[in-house]
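Asker: My structure is below; once you've seen it, I'll send some questions.
In the UniProt record's numbering, the protein residues as written are 1 to 430.
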């Protein structure tokens with residue numbers, strides 16, 4: 001997100017004329033050119049741009065379309081109607097009764113966030129207190145949880161790990177020269193913001209928010225072979241991170257961990273508690289393996305930044321990711337960060353077996369019973385001239401082939417027996 005949006009504002013008796021310079025946009029094909037107007041500011045968002053333009057005179061709230069587009073100069077002009085009655089009463093603040101949001105709760109004022117089906121977000125976070133945001137988030141999770149999807153992934157993970165290659169991620173690498181330069185630009189581009197970040201006194205909630213984002217990044221890396229997937233990386237990170245989707249703050253590691261479990265088993269394509277556990281363990285291992293933790297953290301944050309910058313999530317770079325890059329460079333308490341990672345490791349054995357809170361155990365139990373019964377029947381009636389129904393081997397994507405050798409058949413039967421034994425001996429959590 002470009003914080004350095006260039007603009008000019010002029011006034012007549014009825015309107016404010018707002019001109020934006022947008023050299024990085026293809027204005028001939030850009031359809032989302034809208035200015036959101038609030039009483040004392042207007043907001044423009046079109047990736048990679050996000051800008052808040054202050055209005056000296058009160059504007060009429062609403063959305064304003066372009067008055068003129070200059071394709072040669074890459075500029076767009078908006079004519080904003082003024083609220084004459086409000087302007088005549090003086091510049092009264094409209095932020096009274098609203099709540100702060102974003103990194104370190106440093107931001108105020110109206111914020112309209114994309115709430116499409118693809119992105120699970122809380123729009124207008126300024127209207128809700130942090131505790132209320134948490135309540136709204138958990139209610140949305142309860143409504144969005146799909147027990148059948150979760151149950152099938154639960155079983156499939158035991159069979160073939162959902163088809164994922166869950167090997168160790170590539171070794172932790174140092175920042176490239178290009179990444180170092182980009183980080184230095186981000187740190188230096190907003191001196192006032194840098195001073196605010198350096199003056200933070202309560203580091204724990206800020207750091208818990210960063211860990212929440214890092215866990216979402218860990219999930220994305222594990223399920224996308226450690227690569228940035230332009231189709232879903234931004235969705236994975238935004239949906240799974242409660243910080244980025246509902247602007248919440250955590251006070252304990254346990255609350256953070258439970259939230260990560262619930263959201264990673266509700267919103268992404270692959271939904272499994274063992275996969276969630278692996279994400280946590282991988283994050284812990286990589287934090288401790290990093291020779292330069294600041295560089296590693298910056299590199300992880302760039303994974304999110306690059307995924308967001310040309311998508312509907314670009315606004316999150318402005319309110320979170322870039323500030324976290326500044327925080328890592330200017331104010332990171334490394335000792336506290338390692339302490340939180342240790343607390344995460346200690347809390348994991350207690351949180352992992354807990355139910356998610358969706359009543360998912362009954363659905364999983366029923367699906368397991370169906371699979372066990374089906375495969376038990378198929379083994380009891382198995383013969384050379386009998387074609388068994390769909391079994392665990394079919395569910396894992398392997399077809400029986402008459403041309404397969406005896407060794408391959410024996411190996412397949414042994415695999416199925418092992419999985420069946422696991423299912424029969426399984427003690428469900430909770």
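All C-beta atoms in this analysis are idealised placements derived from N, C-alpha and C, irrespective of residue type, glycine included.
Leaving out the 5 sequence neighbours to the left and right, which residues in its chain are closer than 6 angstroms to residue 402 when beta-carbon positions are compared?
Answerer: For residue 402, the predicted structure reports a pLDDT of 49, less than 50, and the residue's modelled location is therefore unreliable. The matter cannot be settled from this model.
Asker: When we look at the beta-carbon of residue 26 and count the other beta-carbons within 10 Å, is it buried (16 or more) or exposed?
Answerer: exposed
Asker: Starting from residue 235, follow the beta strand (DSSP E) in both directions and report where the run begins and ends.
Answerer: That residue, residue 235, is in no beta strand (DSSP E); its alpha helix (DSSP H) goes 233-240.
Asker: Out of 207, 269 and 206, point me to the one whose CA is closest to residue 232's CA.
Answerer: Ranked by how close their Cα comes to the Cα of residue 232, the residues 207, 269 and 206 have 269 in first place.
Asker: I'd like to confirm something about residue 326: is its beta-carbon nearer than 7 angstroms to some heavy atom of the ligand HEM, or not?
Answerer: As presented, the structure is devoid of all ligands, the ligand HEM included, so that no description of it is given.
Asker: Quick check: what's the CA-CA separation for residue 39 versus residue 111?
Answerer: 13 angstroms
Asker: Taking 8 angstroms as the threshold (C-beta atoms), are residue 329 and residue 187 in contact?
Answerer: Yes; because the gap between Cβ atoms is below 8 angstroms, this pair is in contact.
Asker: Between residue 302 and residue 179, how many whole angstroms is the CB-CB distance? I'm expecting something under 8 angstroms.
Answerer: For residue 302 against residue 179, the beta-carbon gap comes to about 6 angstroms, under 8 angstroms, which counts as contact.
Asker: For residue 51, which residues of its own chain have a beta-carbon under 6 angstroms away from its beta-carbon, when the five flanking residues on both sides are left out?
Answerer: 5 and 44
Asker: Given 8 angstroms as the limit, is there contact between the region 7-22 and the region 52-72, that is, 3 or more CB pairs closer than that?
Answerer: Yes: the two stretches touch, three or more of their Cβ pairs being nearer than 8 angstroms.
Asker: Who are the Cβ neighbours of residue 254 in its own chain at under 7 angstroms, not counting the five residues just before and after it?
Answerer: 347 and 351
Asker: What's the gap between the Cα of residue 217 and the Cα of residue 98?
Answerer: Between the C-alpha atoms of residue 217 and residue 98 there is a straight-line separation of about 31 angstroms.
Asker: Buried or exposed, going by whether 16 or more other CB atoms sit within 10 Å of the CB of residue 170?
Answerer: exposed
Asker: Within its chain, find whatever has a CB closer than 6 angstroms to the CB of residue 210; leave out the 5 residues flanking it on each side and keep chain order.
Answerer: So the list reads 324, once near-sequence residues are dropped.
Asker: Give a yes or no on contact between the region 311-319 and the region 189-197, applying the rule of three or more CB pairs nearer than 8 angstroms.
Answerer: Judged by Cβ distances under 8 angstroms, the region 311-319 makes no contact with the region 189-197, as fewer than three pairs qualify.
Asker: Rounded to whole angstroms, how far is the Cβ of residue 133 from the Cβ of residue 247, which I believe are closer than 8 angstroms?
Answerer: 6 angstroms
Asker: Compute the Euclidean distance between the alpha carbons of residue 335 and residue 341, then round it to the nearest angstrom.
Answerer: 10 angstroms
Asker: Are residue 299 and residue 175 closer than 8 angstroms when you measure CB to CB?
Answerer: Taking 8 angstroms as the Cβ cut-off, residue 299 and residue 175 qualify as a contacting pair.
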